[in-house]
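*Asks:*
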Amino acid sequence: MEQTTIQKDGKYVIQTNIRRWGNSQGIRLSKEILAQMNLQENDTVGINVYDGKMTVEKINKPKYLNLAERLEAFYKRPIDEIYVESTQEVDVGDPKGNEIW
2 MEQTTIQKDG
12 KYVIQTNIRR
22 WGNSQGIRLS
32 KEILAQMNLQ
42 ENDTVGINVY
52 DGKMTVEKIN
62 KPKYLNLAER
72 LEAFYKRPID
82 EIYVESTQEV
92 DVGDPKGNEI
102 W
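FYI, the numbering for the sequence shown is 2 to 102, going by the numbering used here.
#1: Pull up the distance between the alpha-carbon of residue 57 and that of residue 47, whole angstroms please.
#2: Just the Cα atoms here: how many angstroms apart are residue 34 and residue 4?
#3: Quick check on the DSSP output: the alpha helix (DSSP H) that includes residue 37 runs from which residue to which?
#4: Check whether the Cβ atoms of residue 80 and residue 73 sit closer than 8 Å, and answer yes or no.
#5: Rounded to the nearest angstrom, how far is the Cβ of residue 45 from that of residue 60, given a contact under 8 Å?
#6: Spell out the partners DSSP gives residue 42 in its beta bridges.
#7: Return helix, strand or coil for residue 71, following the three-state DSSP convention.
#8: Considering only C-alpha positions, which residue in the set 62, 12, 25 is nearest to residue 43?
#9: Please state whether DSSP places residue 60 in a helix, a strand or coil.
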């Protein structure tokens, strides 16, 4: 069996075989399945296995590559223009109760 599409409970179910792919095994996904999942070649997916069932979902790439880009987007200015109040530790005094220090 290569791939068979079955309609079950209003959903399309694909039956396919697990095939050897180098030293691993793989499942081929048809272009229809990829289109339904909004996936294309080289997209990153997350695979979750729970209670004997596997789900595959697209992992969206982070909008910002690093903290500097995230801060620039938040403050709407270049990182060099963002005011930093202090880089020193703040002493808040001695414990005032049952805090563990």
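Positions of the beta carbon are idealized from the N, C-alpha and C atoms, including for glycine.
*Replies:* By the coordinates alone:
#1: Between residue 57 and residue 47, the C-alpha separation is close to 6 Å.
#2: 12 Å
#3: 32 to 37 is the span of the alpha helix (DSSP H), which, as asked, contains residue 37.
#4: yes
#5: 4 Å
#6: Bridge partners of residue 42: none, in fact.
#7: DSSP places residue 71 in the helix class (H, G or I) of the three-state scheme.
#8: 62
#9: DSSP, read as helix, strand or coil, puts residue 60 in coil.
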